[in-house]
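Peer 1: Chains as they are written, first to last, in our numbering: chain A, -14 to 58; chain B, -14 to 58.
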DNA sequence: ATAAAAAGAGCATTATATGGCACTATTGTG
DNA sequence: CACAATAGTGCCATATAATGCTCTTTTTAT
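#1: Flag residue 44/B as yes if its beta-carbon sits less than 8 Å from any beta-carbon of chain A, otherwise no.
#2: Could you give the C-beta distance for residue 35/B and residue 47/B, rounded to a whole number, given that I count them as a contact under 8 Å?
#3: In chain order, what residues of the same chain lie with their CB nearer than 8 Å to the CB of residue 14/A, ignoring the 5 residues before and after it?
#4: If you count every other CB in all the chains shown that lies within 10 Å of the CB of residue 56/A, and 16 or more means buried, which is it?
#5: Buried or exposed: residue -9/A, going by 16 or more other Cβ atoms within 10 Å of its Cβ?
#6: Could you please give the first and the last residue of the uninterrupted beta strand (DSSP E) stretch that includes residue 51/B?
#7: Between the Cα of residue 51/B and those of 31/A, 44/A, 10/A and 27/A, spot the shortest distance and give me the residue it belongs to.
#8: Does residue 11/B have its Cβ less than 8 Å from a Cβ in chain A?
#9: DSSP beta-bridge partners for residue 32/A?
In structure tokens form, the structure reads like this:
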């Protein structure tokens, strides 16, 4: 499972900025520690609900937007 | 499973704007028709990968952003 | 350099998402 | 209205996400 680099990066950075450990984030969000570790380490394919729970605690929100178009590719 | 109204609305609207049926979107995205139906009807909790596949075909992308702060409430 | 804290990984179990099929309901067009 | 197309649902088998436990690796602080 891979392709979630962007999302993962944002979550990790945000967690670090807020000085929250995986363990604390797991507790606060209600997501299992194992699940969080899996996701942050790039393995795993979380459900939308799991992602939302994590994001929520970090003051983030999951959204869906128009893709930015890059002309050349 | 509920709470994904926003995401669902965007996907449905976008699908309708593009005049794509659920069936076609399912085929194009590689996501099972059943899964797509579940999601759009507000039942279901798709994985991030599933959501990405759907979004991708519609020219959308899943992202995570700072929550907008509402002062009151 | 070492100890403590935090992050990652193997293994096993449980919960749940996926997806096919057949059927029903809703919507839209004549 | 009436028929066709599209959307939603029950049932069910299979795949895989979620989670806990234990252990290893990496990072951080002293």
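Glycine is no exception: its CB is placed at the ideal position from the N, C-alpha and C atoms.
Treat the numbers as computed from the prediction; the structure is a model and nothing was measured.
Peer 2: From the atom records:
#1: If you number the second chain from 1, residue 44/B lands on position 59. At least one chain A Cβ lies under 8 Å of residue 44/B.
#2: Counting from 1 along the second chain, the entry for residue 35/B is found at position 50. Counting from 1 along the second chain, the entry for residue 47/B is found at position 62. The Cβ separation is near 10 Å, so there is no contact.
#3: What you label residue 14/A is simply residue 29 of the first chain in a count that begins at 1. Non-local C-beta neighbours of residue 14/A in its own chain, meaning closer than 8 Å and more than five positions away in sequence, comprise 21, 38, 39, 41 and 42, ordered along the chain.
#4: Start at 1 with the first residue of the first chain, and residue 56/A comes out as number 71. When all chains shown are included, residue 56/A counts as exposed.
#5: As a working note, residue -9/A is residue 6 in the first chain. Burial call: exposed.
#6: The sequence position of residue 51/B within the second chain is 66, counting from 1. Note, residue 51/B: beta strand (DSSP E), 45 to 51.
#7: On the second chain, position 66 is the one that residue 51/B refers to. Residue 51/B has its Cα closest to that of 44/A, out of 31/A, 44/A, 10/A and 27/A.
#8: Taking the first residue of the second chain as 1, we reach residue 11/B at position 26. No, no contact with chain A.
#9: Looking up residue 32/A in the first chain gives position 47. According to DSSP, residue 32/A bridges with 32/B.
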